[in-house]
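Residue numbers (the UniProt record's numbering): 1 to 111. Worksheet for the structure shown next.
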């Protein structure tokens, strides 16, 4: 089964991180990615641009509203994603737990 692991967190934390801290975080992400590759589970992933660069589309019948900014006004934002192949939710949780991220939302791909 395929699972999407949505990386969540406070963007302010990353914005305030110094160069050395960012280097360390990227190193942990590299180790995480290698672990997924060794297990044949890595289907891809990317870091996302800051939520302030988002464009949101909302439809109401024929009316379409295009606005700048993220869909939800929350403290935590989605900052990236990893797509994995996992035997079941338990293995997807194992992968998500190994991610160098404070928060992860797991969503099964249904098709």
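Heads up, the beta-carbon is just placed ideally off N, CA and C, and yes, glycines get one too.
Whole angstroms is fine: what's the gap from residue i's alpha carbon to residue j's?
{"i": "residue 9", "j": "residue 109", "result": "22 Å"}
{"i": "residue 96", "j": "residue 81", "result": "11 Å"}
{"i": "residue 33", "j": "residue 93", "result": "15 Å"}
{"i": "residue 98", "j": "residue 7", "result": "12 Å"}
Helix, strand or coil, according to DSSP, for residue i in the structure here?
{"i": "residue 129", "result": "In the structure displayed, the chain extends from 1 to 111; residue 129 sits before or after that span and is not available."}
{"i": "residue 53", "result": "helix"}
{"i": "residue 58", "result": "strand"}
Quickly, what does DSSP pair residue i with across the bridge? List them, please.
{"i": "residue 103", "result": "8"}
{"i": "residue 47", "result": "80"}
{"i": "residue 85", "result": "2"}
{"i": "residue 108", "result": "3"}
How far does the alpha helix (DSSP H) with residue i in it extend, from its first residue to its last?
{"i": "residue 97", "result": "89-98"}
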